[in-house]
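Student:
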Amino acid sequence: MSRIGEKIKNLRNKKGLTQKQLSKKLGVSESFINDIELGRKIINESLMSKLTKVLGEDLNDLTLSNDTPSEPINKVNTSEFMSQKNKQSKETPINSIWTDALSSVVKSVPVYNYELKTLSTIPRVVNNNKIENFNSDKVFYLIIEDTDLSEYRIEKGDKGFLVKIGELENNSLCFIEYKNQRSIKYIKNLGNGKYLLLSKGGKFSETVDKKNIKPLGKLINIEFNFKD
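The sequence shown: position 225 = 225 (the UniProt record's numbering), numbered continuously.
Next up, the structure:
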């Protein structure tokens, strides 16, 4: 459990809220709250603000803590990292030793649109040259442009975390290029070089030949774009 997840759990219990009650207040699923408390999900700035309002305490205070984490850090929240970095730059100049150390444990992961143009980057912690157990050179973020993924609780504007793939993976959401268009589809392997592309939770489907599909990435998780 991460420090942020543990803090959220403690504040939720202090407020007398169940995971289900908190999820309703935030407009997310109960399982999503559970994943946050276990440190499995990334908390974006918008959700951090909502949690602060609901739980009545500024969770960003955790970024100023000097406590040693009880577990190895394998995820980093963008707003927390930038808060720490800005605070350090105001207090003392970053020397070359710190710069070298930082570059070895943090990697700027690109954020792409569907044309694979870099919109920005997000710093992520690297452990053994891996980010979330994937080669750090193979991961990227993607701003979702599809409008037919609501059945999977994915909306246009959400930010997906993906890993590059060379082959389509069965029973997974993949970012593909098909008929000169890029989109995210649920993939079913039918065998004999045939794949079923599903959208709208399976309401729409199309059987295609493997040779006509270009796999670009596999969706690992989603950072939701919470609207006020």
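The beta-carbon is built from N, C-alpha and C at its ideal position, and this holds for glycine as well.
With DSSP run on the structure shown, which of helix, strand or coil describes Phe-191?
Tutor: Sequence check: residue 191 is Gly here, not Phe. In the structure shown, Gly-191 sits in a strand (DSSP, three-state: E or B).
Student: Just checking my contact of Lys-214 with Val-163 at CB under 8 Å: how many whole Å lie between their CB atoms?
Tutor: In fact, because the Cβ distance is near 16 Å, the residues do not count as touching under 8 Å.
Student: Who are Ser-199's beta bridge partners in DSSP?
Tutor: Its beta-bridge partners are Phe-204.
Student: Using C-beta distances below 6 Å, list every residue in its chain close to Thr-18, excluding the 5 sequence neighbours before and after it, in chain order.
Tutor: Taken in chain order, the list of residues that qualify is empty.
Student: Just list the residues that DSSP pairs Val-109 with in beta bridges.
Tutor: Paired residues: Ile-122.
Student: Under DSSP, the alpha helix (DSSP H) around Gly-5 begins and ends at which residues?
Tutor: Taken as a continuous stretch (DSSP letters only), the alpha helix (DSSP H) holding Gly-5 covers 3-14.
Student: So what does Asp-209 bridge to, in DSSP terms?
Tutor: Lys-194, per the DSSP bridge assignment.
Student: Would you list the residues sitting across from Ser-23 in a DSSP beta bridge?
Tutor: Beta-bridge pairing links Ser-23 to no other residue.
Student: Considering only the alpha carbon of each residue, which of Asn-10, Lys-156 and Lys-20 lies closest to Ile-222?
Tutor: Taking only the C-alpha atoms, the option nearest Ile-222 is Lys-156.
Student: If you reduce the DSSP assignment to three classes, tell me which class Leu-47 lands in.
Tutor: Leu-47 falls in the helix class under three-state DSSP.
Student: In angstroms with no decimal places, state the Cα-to-Cα distance between Leu-38 and Tyr-112.
Tutor: Computed Cα separation, rounded: 28 Å.
Student: Measuring straight from C-alpha to C-alpha, what distance separates Ser-23 and Asn-13?
Tutor: The straight-line gap from Cα to Cα measures roughly 13 Å.
Student: Between which two residues does the beta strand (DSSP E) containing Phe-175 stretch?
Tutor: Its beta strand (DSSP E) spans residues 172-178.
Student: Does the distance from the C-beta atom of Lys-203 to that of Tyr-195 stay below 9 Å?
Tutor: No, Cβ-Cβ distance for Lys-203 and Tyr-195 is not below 9 Å.
Student: Closest by CA to residue 250, which one among Gly-5, Pro-110 and Thr-52?
Tutor: Within the shown structure, residues of the chain are numbered from 1 to 228, placing residue 250 beyond reach of any answer.
Student: Is Phe-32 helix, strand or coil when you go by DSSP?
Tutor: In the structure shown, Phe-32 sits in a helix (DSSP, three-state: H, G or I).
Student: Consult DSSP for Phe-224 and reduce its assignment to one of helix, strand or coil.
Tutor: In the structure shown, Phe-224 sits in coil (DSSP, three-state: anything other than H, G, I, E or B).
Student: Going by C-alpha to C-alpha distance, which of Phe-175, Leu-168, Phe-224 and Tyr-152 sits closest to Phe-140?
Tutor: Minimum Cα distance to Phe-140 is reached at Phe-175.
Student: Should Arg-124 be labelled buried (16 or more other beta-carbon atoms within 10 Å of its own) or exposed?
Tutor: Looking at its Cβ environment, which holds 16 or more other Cβ atoms inside 10 Å, Arg-124 is buried.
Student: Between the beta-carbon of Lys-210 and the beta-carbon of Gly-193, is there less than 9 Å?
Tutor: A contact, by the Cβ cut-off of 9 Å.
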